[in-house]
Amino acid sequence: MDIDHTQDHIGIDFGARMAGNTAVCHWAHGQFRFAHSTKDADGDAWLEEVVTQLRPKAIYIDAPLSLPGVYSGHGQDYFFRVADHQARGMSPMFLGGLTARAMRLAATWRSQGIAVYEAYPAALIRHEWDSLKVEPRKAIPKHKLRIMAGMIVMPPPAPADRHEADAWLCWVIGHRHQRGEALVYGNEQEGLILA
Numbered sequence: 001m002d003i004d005h006t007q008d009h010i011g012i013d014f015g016a017r018m019a020g021n022t023a024v025c026h027w028a029h030g031q032f033r034f035a036h037s038t039k040d041a042d043g044d045a046w047l048e049e050v051v052t053q054l055r056p057k058a059i060y061i062d063a064p065l066s067l068p069g070v071y072s073g074h075g076q077d078y079f080f081r082v083a084d085h086q087a088r089g090m091s092p093m094f095l096g097g098l099t100a101r102a103m104r105l106a107a108t109w110r111s112q113g114i115a116v117y118e119a120y121p122a123a124l125i126r127h128e129w130d131s132l133k134v135e136p137r138k139a140i141p142k143h144k145l146r147i148m149a150g151m152i153v154m155p156p157p158a159p160a161d162r163h164e165a166d167a168w169l170c171w172v173i174g175h176r177h178q179r180g181e182a183l184v185y186g187n188e189q190e191g192l193i194l195a
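Residues 1 to 195 (the working numbering) are what the sequence shown spells out, left to right.
Okay, structure coming up:
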């Protein structure tokens, strides 16, 4: 992996631990670069190593980073956060182990001084590129990626699959957030989702 040290931010599509479907996107030497976990290897350990090597200031990850407020004495919904309802996302409780793993990693990275944010590519696609009819969980055609990148005045990415494309979308959400342009769902008390 070509690594440009002290990254401004990176995007992560977070997947099942051993499935080989966790992907990272970062900007290096004038283009988007991707890294991908390996099937049957510990994706969390791999991801921790990638973050250690890249040393980003901020991480934007497609995974729940908090639980519904009822578990901390606020609200009455045991399944969804306000942000999940607003962004039309899945319940952190349904995602179970993935949510717990993401929360553990986020706590580790935050203890190292890295800002960590929950990003939701599907909400960004719905808001910005609904007319492109991008299908969930399917590869995004190259011509649509070029249109998406062109609309935000960026070079087009070259992801190998939908996981890398979603990592790129997390990177884009980070870019939007740092420019004050990201959509923000939810509340600080319970947890925010950015798009």
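Even glycine gets a Cβ: it sits at the ideal position worked out from N, Cα and C. Here the structure is a predicted model, which means the values were calculated and not measured.
{"query": "Inter-stretch contact at 8 Å, needing at least 3 Cβ pairs: the segment 141 to 148 / the segment 31 to 38", "result": "no"}
{"query": "Three-state secondary structure (DSSP) of Gly191", "result": "strand"}
{"query": "Through-space distance from Gln76 to Ile12, alpha-carbon basis", "result": "31 Å"}
{"query": "Pairwise C-alpha distance: Gln86 and Asn21", "result": "27 Å"}
{"query": "Within 8 Å, strictly: CB atoms of Leu183 and Ala83", "result": "no"}
{"query": "For Pro68 and Gln189, the rounded distance between their alpha carbons", "result": "10 Å"}
{"query": "Ala167 beta carbon less than 8 Å from that of Ala23", "result": "yes"}
{"query": "Three CB pairs or more closer than 8 Å across the segment 94 to 109 and the segment 52 to 68", "result": "yes"}
{"query": "Other residues of its chain near His163: CB distance less than 6 Å, five sequence neighbours each side excluded", "result": "Asp13, Asn21 and Ala23"}
{"query": "Same chain, Cβ closer than 7 Å to Trp109, neighbours up to 5 away in sequence not counted", "result": "Val51, Ile59 and Val116"}
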